[in-house]
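K.L.:
There are 2 protein chains.
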Amino acid sequence: MVKQERAARTRQALIRAAAEVFAEEGFALASLSMISRRAGVSNGALHFHFESKKALADVVQMEAAAAVTRMTDRAETADGALQVLVDATHGLMSRLADDNIVRAGFELCGDPARGDGVDLRRQWQHWIENILGRAEQEGLLADGVSPDSAAPAIVAATVGFEVLGFRDPEWLSEQKIIRFWELLLPRLAGGEA
Amino acid sequence: MVKQERAARTRQALIRAAAEVFAEEGFALASLSMISRRAGVSNGALHFHFESKKALADVVQMEAAAAVTRMTDRAETADGALQVLVDATHGLMSRLADDNIVRAGFELCGDPARGDGVDLRRQWQHWIENILGRAEQEGLLADGVSPDSAAPAIVAATVGFEVLGFRDPEWLSEQKIIRFWELLLPRLAGGEA
């Protein structure tokens, strides 16, 4: 039992270390020995848990996807689909700023060396499209605004904040997202929201 | 003279090939032999023109920056700063879709293996901030909208289109940008634009 706990802790340390190394170096330059060194475990211990760099990237992205889903699930307890949307964009930015696994999970989506894996940006896009559909059903969208017309701008802007935030964390600040919604929300909700 | 022309043509073929290889493989996995093979020249010819992969990436990004500046200069001949802004976003997307040097130049900005180089996204951000300043001076912005409040959303959205467009060219289509401006312009310009 104690042994199992230790193994679980080592596995988690490896995932965390991998996320940091992927975010800093990119997938191509990240090496298994960098990752095991960062986690403070032997190469042998790494290979016991993960067979390859790809396997580690897969797990980082799956854990990032799960963290984003937990965040959107929590956001969905708010009243009204537009409030849910605003809360979730704040939630995503704060996780990108604070959680290396979420940050690396997204960054790997744009890494040409990485190939496939969970596409977190697409998962986020689908979530935005769904919540805007709900906003429309709830009668919250302004005249002439539809989920189809609004989703691309919101998806693109949040992906832009994500990408720019890797180089300059200021882009992930609460202030930036507040301003974004001050600009867009009156147009989305017809000025009454 | 003929020799000089041939050298200039070889150099340009190498820059074009480098842009393609950088965009497909990322900076870390791109190799000089991939690039010379793609350009149809010998390794020796490559080394005659460029001393390293970094030197090639520097030139790709400088040429991309020059192409973006030519595009914004042309856009600036339009009447009114908001029309200039709209035209330039269309111009950027069509260049990202059609010009491998511009595409690679931007993609290298987000590549963790690439380190420094011309930051095209920052150049674009400065241009957006300037043109919104001009729009404000021309009295074109709606009440309560300032360059500071509008620029981040426009910069982030266009960077988002750029990044999403690498995986799915649909994001760079004219239709996507038209919709973006249909959503945002009435808010930016107070509904009269």
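Line order of the protein sequences matches chains U and H.
First residue of the first sequence? That's 1 in UniProt numbering, and the numbers climb one at a time after it.
First residue of the second sequence? That's 1 in UniProt numbering, and the numbers climb one at a time after it.
Cβ atoms here follow ideal geometry from the backbone N, Cα and C, with glycine treated the same way.
1. Distance cutoff 8 Å, beta carbons only. Does F159 (chain U) sit that close to anything in chain H?
2. Sorted by chain position, which residues of the same chain lie with C-beta nearer than 7 Å to L120 (chain H)'s C-beta, five sequence neighbours on each side aside?
3. Closer than 8 Å, CB to CB, is R38 (chain H) near chain U or not?
4. Answer with buried or exposed for K53 (chain H), where buried requires no fewer than 16 other C-beta atoms within 10 angstroms of its C-beta.
5. Where in the stretch 104–175 of chain H do unbroken runs of the beta strand (DSSP E), each at least 3 residues long, occur, reported from the N-terminal end onward?
6. State the DSSP-derived secondary structure class of A13 (chain H), mapped to helix, strand or coil.
7. Step through the CB atoms of chain H and report whether any lies within less than 8 Å of the CB of G26 (chain U).
8. Let's see if you can read the secondary structure: which residues bound the alpha helix (DSSP H) around E63 (chain H)?
9. S33 (chain H) by DSSP, collapsed to three states: which one?
10. Can you give me, in chain order, the residues of the stretch 123–157 of chain H that have a beta carbon less than 9 Å from any beta carbon in chain U?
11. Between which two residues does the alpha helix (DSSP H) containing D99 (chain H) stretch?
12. Just reading off the alpha helix (DSSP H) that G44 (chain U) is part of, what are its end residues?
13. Can you name, in chain order, every residue of its own chain whose Cβ lies under 8 Å from the Cβ of I15 (chain H), other than the five neighbours on each side?
14. F27 (chain H) by DSSP, collapsed to three states: which one?
15. How would you call I128 (chain H), buried or exposed, if buried means at least 16 neighbouring beta carbons within 10 angstroms?
16. Quick one, which residues of the stretch 93–115 of chain H are near chain U if we go by CB-CB under 7 Å, in chain order?
17. Is any beta-carbon of chain H found at less than 8 Å from that of L82 (chain U)?
18. Quick one: any contact between the stretch 144–163 of chain U and the stretch 155–167 of chain H, if contact means 3 or more CB pairs under 8 Å?
19. Leaving aside the five residues before and after L96 (chain H) along the sequence, list all residues of the same chain whose C-beta is less than 7 Å from its C-beta, in chain order.
20. Does A88 (chain U) come out as helix, strand or coil in the three-state DSSP assignment?
21. Are the C-beta of L172 (chain H) and some C-beta of chain U separated by less than 8 Å?
22. Under the three-state reduction of DSSP, which class applies to A39 (chain U): helix, strand or coil?
23. Measure the Cβ-Cβ separation of L141 (chain H) and L188 (chain H) and say whether it is below 8 Å.
24. With DSSP run on the structure shown, which of helix, strand or coil describes A81 (chain U)?
25. For A7 (chain U), which of U:A28, U:V41, U:G80 has the nearest alpha-carbon?
26. Can you list, in chain order, the residues of its chain whose CB lies under 7 Å from that of T89 (chain H), leaving out five sequence neighbours each side?
27. Measuring alpha carbon to alpha carbon, tell me which residue in U:L132, U:E25, U:W181 is nearest A156 (chain H).
28. State buried or exposed for D73 (chain H), treating a residue as buried only when at least 16 other CB atoms are found within 10 Å of its CB.
29. At the 8 Å Cβ level, is E20 (chain H) part of the contact set with chain U, yes or no?
30. Using only the alpha-carbon positions, how far apart do G115 (chain U) and V2 (chain H) sit?
31. To the nearest angstrom, how far is it from the Cα of Q123 (chain H) to the Cα of G91 (chain H)?
32. Hey, A17 (chain U) and A39 (chain U): beta-carbon distance below 8 Å or not?
33. How about K176 (chain H): is its C-beta nearer than 8 Å to some C-beta of chain U?
34. Only counting the same chain, and skipping five residues up and downstream in sequence, which positions put a Cβ closer than 8 Å to that of A193 (chain U)?
P.N.:
Working from what's here:
1. The sequence shown places Val at residue 159 (chain U), rather than the Phe named in the question. With respect to chain H, the C-beta atom of V159 (chain U) has a partner C-beta closer than 8 Å.
2. Result list for L120 (chain H): Q61, A64, A65, V68, G105, F106, C109, in chain order.
3. It does not; no Cβ of chain U falls within 8 Å.
4. Under this definition K53 (chain H) is a buried residue.
5. Considered as a whole, the stretch 104–175 of chain H harbours no complete run of any beta strand (DSSP E) with no fewer than 3 residues.
6. DSSP places A13 (chain H) in the helix class (H, G or I) of the three-state scheme.
7. Interface residue, yes.
8. Segment 53–75, the alpha helix (DSSP H) holding E63 (chain H).
9. Three-state DSSP puts S33 (chain H) in a helix.
10. Contact annotation: in the stretch 123–157 of chain H, residues whose CB is within less than 9 Å of a CB in chain U are Q125, G144, V145, D148, S149, A150, P152, A153, I154, V155, A156, A157.
11. D99 (chain H) -> no alpha helix (DSSP H), and no H or E assigned at all.
12. In the DSSP annotation of this structure, the continuous segment of the alpha helix (DSSP H) that includes G44 (chain U) starts and ends at 43–49.
13. Closer than 8 Å at Cβ, skipping near neighbours: L56, V59, V60, E63, I101.
14. Collapsing the DSSP output to three states places F27 (chain H) in coil.
15. Label assigned to I128 (chain H): buried.
16. Those would be G110, D111, P112, A113, in chain order.
17. Cβ-Cβ to chain H under 8 Å: no for L82 (chain U).
18. With contact defined as three or more Cβ pairs closer than 8 Å, the stretch 144–163 of chain U and the stretch 155–167 of chain H are in contact.
19. Result list for L96 (chain H): V102, R103, F106, E162, G165, L172, in chain order.
20. Three-state DSSP puts A88 (chain U) in a helix.
21. Not an interface residue.
22. Helix.
23. A contact, by the Cβ cut-off of 8 Å.
24. In the structure shown, A81 (chain U) sits in a helix (DSSP, three-state: H, G or I).
25. Comparing Cα-Cα distances from A7 (chain U) to each of U:A28, U:V41, U:G80, the minimum goes to U:V41.
26. Within the same chain, T89 (chain H) has close Cβ partners T158, I177.
27. For the residues U:L132, U:E25, U:W181, the minimum Cα distance to A156 (chain H) belongs to U:W181.
28. Counting other Cβ atoms within 10 Å of its Cβ, D73 (chain H) stays below 16 and is therefore classed as exposed.
29. No, because no Cβ of chain U sits closer than 8 Å to the Cβ of E20 (chain H).
30. Using only the alpha carbons, I get a separation of about 44 Å.
31. In a straight line, the C-alpha of Q123 (chain H) is about 15 Å away from that of G91 (chain H).
32. Yes, they are a contact pair.
33. Yes, K176 (chain H) lies at the interface with chain U (some Cβ there is under 8 Å from its Cβ).
34. Confidence is the limiting factor: at A193 (chain U) the pLDDT is only 46, short of 50, which leaves the residue's position unreliable, though a coordinate-based value still follows. Excluding residues within five positions, the ones whose Cβ falls inside 8 Å are L82, L140, L185, P186.
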